[in-house]
Structure formats: structure tokens, C-alpha cells
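Structure first, commentary second.
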Amino acid sequence: MKEKLWTGRYIHSLLLVFGVNVGVMLLHSVVAVYGTTLAASTVVGGYMITAFQVSAMLTRFVVKPLSERYTNKQLLLFGVIMTIIAGIGYCTTTSIPVFLIFRALHAFGFSLGLTCATAISTECIPHTRLSEGLGFTASASTLGTAIGPMVAIEILGDGYTNWQSLFICIVIVSVITLIGSVIFKYTQRKREPGQQREVLDKKKTSYKGLIVAGVFMFAGITQSAINGYLTSFAKEMNLGNISLYFTVMAVFTLGVRFVSVKVQEKIGMRMLVYISALSMGLGVFGVAFARSAAFVILMAVPFGIGMGFLYPIFNYRILRTVDVTQHAFGASMYYCAMDIAYGIGGFMWGYVAQAIGSNMVFIIGGSLILVMLVLDTFIYKKWDL
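182 is the number of the first residue of the sequence shown in the numbering used here; add one for each residue after it.
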């Protein structure tokens with residue numbers, strides 16, 4: 182008989198992961214547009230994305246020592262408070278340098294908050310259902326990533342002008358997440374006597390997790406093309422309102438999580454990585470040739486399916502390289518890869534869009550998935566991860 186997964190604590194933890202992600206994606210998905218609003222330059226928008234990602238990445242490096250001194254709940258509370266302060270700061274300035282400072286502060290709070298919220302959620306999963314539970318934890322994160330941009334576009338309106346309303350919404354969402362974090366009943370997991378790490382051999386060390394995370398970065402760079410530049414691309418091409426894209430992506434990303442275990446058992450993890458990565462790449466590559474909002478929204482289907490299968494697999498593979506008492510460290514490796522990837526993408530795609538056109542952002546972004554698959558093949562053959 183399987184251990185129970187859907188407990189009240191686990192569902193509560195998923196809501197925390199969701200709330201942290203919504204709070205950041207309300208702005209992150211449209212910050213490139215805000216950059217052009219303040220300075221009439223896609224490069225400035227790239228700086229705003231990169232400042233966020235660099236700060237978030239640096240935060241990951243202090244998660245392990247902090248988690249050894251404080252509980253995940255304490256760090257989550259501190260992180261969410263930082264996002265509230267950043268949201269208030271956005272409301273008070275139009276200065277680009279000051280705005281970048283608040284972006285860095287927001288990144289610190291988000292990085293710390295999401296890492297610890299994910300670790301808390303992981304600790305609520307029965308050890309025998311870790312792979313399955315991680316999929317739904319990732320779904321909560323992905324739903325936040327998808328719903329945030331959709332809400333942001335609706336708040337901003339067709340002219341992308343209601344920025345103060347958006348900043349206020351960030352503060353409100355963060356306050357709600359803070360309340361949810363305060364009332365969460367937290368008990369930190371400890372390794373039971375005789376419990377072994379879920380790894381393939383006793384000599385496995387976390388450096389292998391770092392290498393797997395490094396390969397996963399290519400998927401993150403590809404995703405950053407969608408998260409950071411899809412809305413500005415649609416605005417530039419006069420495609421109309423594409424907010425439905427993020428809803429469709431969320432539906433398919435969540436939907437595949439309910440069948441991922443069965444699909445993986447039938448075709449194997451390795452084949453599923455290939456299929457899901459190619460599906461994700463197709464969804465990004467196709468955007469470059471969109472001439473209508475309907476076509477952009479259609480590309481959300483393969484992109485969402487690919488993300489839904491691929492991301493939990495990499496998260497699971499990374500977590501297998503650390504001890505069960507170090508899930509915050511494992512989560513930090515996973516999210517650090519994403520932070521670095523988004524930082525590289527935010528900086529790179531701004532220049533690509535300005536130099537050779539916005540459509541090339543998605544052509545190059547989709548092609549990077551092939552690079553990831555080649556590198557991942559070597560790792561899989563060597564370590565069977």
C-alpha cells in the first residue's frame with residue numbers, strides 16, 4: 182500500500198510554492214517591456230532581468246550555510262518579507278539604477294523563499310513517492326510561472342501602462358504568501374535510522390548534481406526567451422493579446438504531471454527526456470514564425486507538455502545526488518541552474534533582439550535544446566542519472 186501523498190501539509194506547501202512564484206512572475210515576464218517604457222531600449226530590459234538573476238544566483242550559494250543555522254520556515258518568512266519591501270520600492274521610483282537595486286532585493290527574497298518553500302514541500306513528500314511528489318511540487322511552481330504573466334498582462338492593459346497597479350498587486354500577493362507561511366505547521370525532516378540516500382551508489386557526491394544542473398541550464402536559457410521576451414515580441418509584431426498563452430501552457434504542464442509516472446514506466450526516463458525536450462524546443466522555435474496570437478497560443482501546447490515532463494525529471498536527478506536531510510541544498514542547485522540560465526538569457530536575448538531581430542530569440546532558443554540533449558546523453562551514459 183502506497184504512503185499517503187495528498188496530506189493537508191503537502192497541499193499547503195504547494196500553495197506556498199505557487200504564491201512565491203506568482204509574486205515574482207507578475208513583473209518578471211513583462212520587465213523587458215517596462216525597460217522600454219523607461220528608456221526605450223530592449224537592452225535596459227535585459228539589464229533588469231540580468232540584475233534579478235545574478236542576485237538570485239548569488240543567494241543560492243548561501244542557502245546551505247543558512248539552512249544549517251535556521252529552519253526552512255524561518256528563511257521562507259525572511260525571503261517573502263524581502264519581496265514585500267521590493268514591491269513597495271517599485272511603487273516609489275522611476276529611476277533605473279534605484280529600480281535595479283529593488284530588482285536585486287526582490288531576487289534575494291524570491292531565491293531564498295522559493296528554495297525553502299520547495300524544500301518544505303519536498304519534506305512533506307513520503308520518501309517512497311519522492312519522484313511523483315516532486316512532479317506536483319514542480320507543477321505548483323510552473324502554475325505560478327504561467328499565471329503570473331497572464332495576470333500581469335491583464336492588469337497592464339493593451340497599452341501596457343498600468344504599472345503602479347501591477348506593483349501594488351505584487352505587494353498584495355506577497356503579503357498573502359507571508360500569511361500562509363506564518364500559519365504553516367512546520368516540522369523539519371530528519372534522516373531515520375538506517376535510511377539510505379536515494380542514490381545509485383554510495384560514492385555519489387553532489388558535484389554530479391552540479392554537472393546535471395549545468396546541463397539543465399540550457400533548458401532554462403530557452404525558457405527565458407519565453408518568460409522574458411514573448412510579451413515584447415507580441416507587442417512588437419502587433420499580434421494582439423497573448424495572455425491566453427500562459428493559461429494554455431499551465432494547463433498542459435499540469436496535465437502531463439498526472440500521467441508522467443505511467444508514461445515514464447512505459448517508455449523509460451531516457452526516452453521521455455528526449456521526447457519532452459524536443460517538444461519544448463518545438464514550442465519555442467515555432468513562436469519565431471507566428472503571425473497571429475492564435476499561432477503563438479498554439480505553440481504553448483508543445484512547450485507546456487515538454488516542461489511538464491522534463492523539469493521534474495531533472496529536479497529528481499539532482500536530488501538523488503544529495504542526502505535526504507539536504508533537500509534545501511539540492512533544491513538550491515536546481516534553482517541556481519535556473520537563475521544562471523535566466524541571467525544569461527536576459528542579458529543575451531536583449532542584444533539578440535536588438536541586433537538581429539526578436540524572432541531570432543526564439544530560433545536560437547529552441548535550438549539550444551539540441552545542445553542540452555547532446556551533453557545530457559554523455560552524462561546519462563557515464564552515470565546513469
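Glycine included, every Cβ here is placed at the ideal spot set by N, Cα and C.
### Query
Of the residues L554, I545, G421 and Q535, which one's Cα is nearest the Cα of G226?
Residue 226 sits at position 45 when you count from the first residue of the sequence shown. For G226, the nearest C-alpha among the options comes from Q535.
### Residue of N253, F543, C305 and V437 minimising C-alpha distance to M480
Position 299 of the sequence shown, counted from the start, is the residue given in the question as residue 480. Of N253, F543, C305 and V437, the residue nearest in Cα terms is F543.
### Query
Beta-carbon separation of L295 and N202 under 9 Å?
For this step, residue 295 is matched to residue 114 along the sequence shown. For this step, residue 202 is matched to residue 21 along the sequence shown. Going by C-beta atoms, L295 is nearer than 9 Å to N202.
### Query
Less than 9 Å separating the beta-carbons of N171 and A474?
Any question about residue 171 goes unanswered here, given that the chain covers just 182 to 566.
### At least three beta-carbon pairs within less than 8 Å, the segment 233–252 to the segment 512–528
yes
### Task
Using three-state DSSP, classify V211 as helix, strand or coil.
Here residue 211 refers to the residue found at position 30 of the sequence shown. Reduced to three states, the DSSP call for V211 is coil.
#### Entry: Helix, strand or coil at N572 [DSSP, three-state]
A query on residue 572 cannot be resolved here, the shown segment of the chain reaching from 182 to 566 and no further.
### At least three beta-carbon pairs within less than 8 Å, the segment 259–271 to the segment 519–530
no
### Task
Determine the contact status of G464 and G449, defining contact as a CB-CB distance below 9 Å.
Within the sequence shown, residue 464 is the residue found at index 283, counting from 1. Within the sequence shown, residue 449 is the residue found at index 268, counting from 1. Result no, Cβ atoms of G464 and G449 do not sit closer than 9 Å.
### Query
Buried or exposed: F495, going by 16 or more other Cβ atoms within 10 Å of its Cβ?
What you label residue 495 is simply residue 314 of the sequence shown in a count that begins at 1. By the neighbour-count rule (16 or more Cβ atoms within 10 Å), F495 is buried.
### Query
Which residues in the same chain as C305 place their Cβ atom closer than 7 Å to its Cβ, once the five residues preceding and following it in sequence are excluded?
One-based indexing of the sequence shown puts residue 305 at position 124. Closer than 7 Å at the Cβ level, and outside the excluded window around C305, lie T188, R190, Y191 and S194.
### Task
Would you mind sorting G176 into buried or exposed? The rule is 16 or more other CB atoms within 10 Å of its CB.
Nothing about residue 176 can be reported from this structure: the residues present for the chain run from 182 to 566 only.
### Task
Throw me the rounded Cβ distance for the M430 and G485 pair, which I believe falls under 8 Å.
Counted from its first residue, the sequence shown places residue 430 at position 249. Counted from its first residue, the sequence shown places residue 485 at position 304. About 4 Å separates the two Cβ atoms, so the contact holds.
### Message
If the criterion is Cβ atoms closer than 9 Å, does the pair I360 and G204 meet it?
### Response
Indexing the sequence shown from 1 puts residue 360 at position 179. Indexing the sequence shown from 1 puts residue 204 at position 23. Not a contact, by the Cβ cut-off of 9 Å.
### Start-to-end residues for the alpha helix (DSSP H) that takes in H287
Residue numbering aside, residue 287 sits at position 106 when the sequence shown is read from its first letter. Residues I277 to E304.
### Task
Give every residue of the same chain whose Cβ lies closer than 8 Å to the Cβ of A394, excluding the five residues on either side of it in the sequence, and list them in chain order.
Position 213 of the sequence shown, counted from the start, is the residue given in the question as residue 394. The answer, listed in chain order, is F495, I499, M514, Y515, C517 and A518.
### Query
Closest to D629 by CA distance: which of Y367, V396 and G329 is it?
No information on residue 629 is available, as it lies outside the stretch 182 to 566 that the chain covers here.
### Query
Cα-Cα, which of F490, Q345 and A333 is closest to L207?
Within the sequence shown, numbered from 1, the residue matching residue 207 stands at position 26. Among F490, Q345 and A333, the Cα nearest to that of L207 belongs to A333.
### Query
Below 9 Å between beta carbons: does that hold for M331 and L425?
Working through the sequence shown from its first residue, we reach residue 331 at position 150. Working through the sequence shown from its first residue, we reach residue 425 at position 244. The answer is yes: Cβ separation under 9 Å.
### Message
Could you tell me the alpha carbon to alpha carbon distance between K183 and K443, rounded to whole angstroms?
### Response
Reading the sequence shown from its first residue, position 2 is the one you call residue 183. Reading the sequence shown from its first residue, position 262 is the one you call residue 443. Using only the alpha carbons, I get a separation of about 15 Å.
### Query
How about F348 and A285: do their beta carbons lie closer than 9 Å?
Along the sequence shown, one-based indexing puts residue 348 at 167. Along the sequence shown, one-based indexing puts residue 285 at 104. No. Outside cutoff.
### Query
Using a Cβ-Cβ cut-off of 6 Å (strictly less than) and excluding sequence neighbours within five positions of P483, which residues of its own chain qualify?
If you number the sequence shown from 1, residue 483 lands on position 302. The residues are S460, L463 and G464.
### Task
Spatial neighbours of G316 within its chain, please: CB distance less than 7 Å, with the 5 preceding and 5 following residues excluded, ordered by chain position.
Translated into positions along the sequence shown, residue 316 becomes position 135. Taken in chain order, the residues that qualify are R438, S441 and P493.
### Task
Could you give the DSSP three-state label for R372: helix, strand or coil?
Taking the sequence shown and counting its residues from 1, one reaches residue 372 at position 191. The predicted model places R372 with a pLDDT of 48, which falls under 50 and marks its position as unreliable, so this point remains unresolved.
#### Entry: Among G270, V235, I266 and A321, the one whose alpha carbon lies nearest that of G436
Indexing the sequence shown from 1 puts residue 436 at position 255. Of the candidates G270, V235, I266 and A321, the one whose C-alpha sits nearest the C-alpha of G436 is A321.
#### Entry: For G489, the three-state DSSP class (helix, strand or coil)
Numbered from 1 along the sequence shown, position 308 holds the residue referred to as residue 489. Here G489 sits in helix by DSSP.
### Query
Would the beta-carbon of L549 fall within 9 Å of that of F399?
Your numbering for residue 549 matches position 368 in the sequence shown. Your numbering for residue 399 matches position 218 in the sequence shown. Cβ distance < 9 Å, so L549 and F399 count as in contact.
### Query
Thinking just about the alpha-carbon of each residue, which of F291, I545, I282 and L554 is nearest to the one in T403?
Position 222 of the sequence shown, counting from 1, holds the residue named residue 403. Nearest C-alpha to T403: I545.
### Message
If distances are taken between C-alpha atoms only, which option among T326, T368 and I282 comes closest to I301?
### Response
In the sequence shown, counting from the first residue as 1, residue 301 sits at position 120. Among T326, T368 and I282, the Cα nearest to that of I301 is on T368.
### Message
G489 and S539 - do their beta-carbons sit closer together than 9 Å?
### Response
Against the sequence shown, residue 539 aligns to sequence position 358. Against the sequence shown, residue 489 aligns to sequence position 308. No, the Cβ-Cβ distance between S539 and G489 is not below 9 Å.
### Message
Rounding to the nearest angstrom, what Cα-Cα distance links T218 and F559 in this structure?
### Response
By 1-based counting over the sequence shown, the position of residue 218 is 37. By 1-based counting over the sequence shown, the position of residue 559 is 378. Those two C-alpha atoms are separated by around 44 Å.
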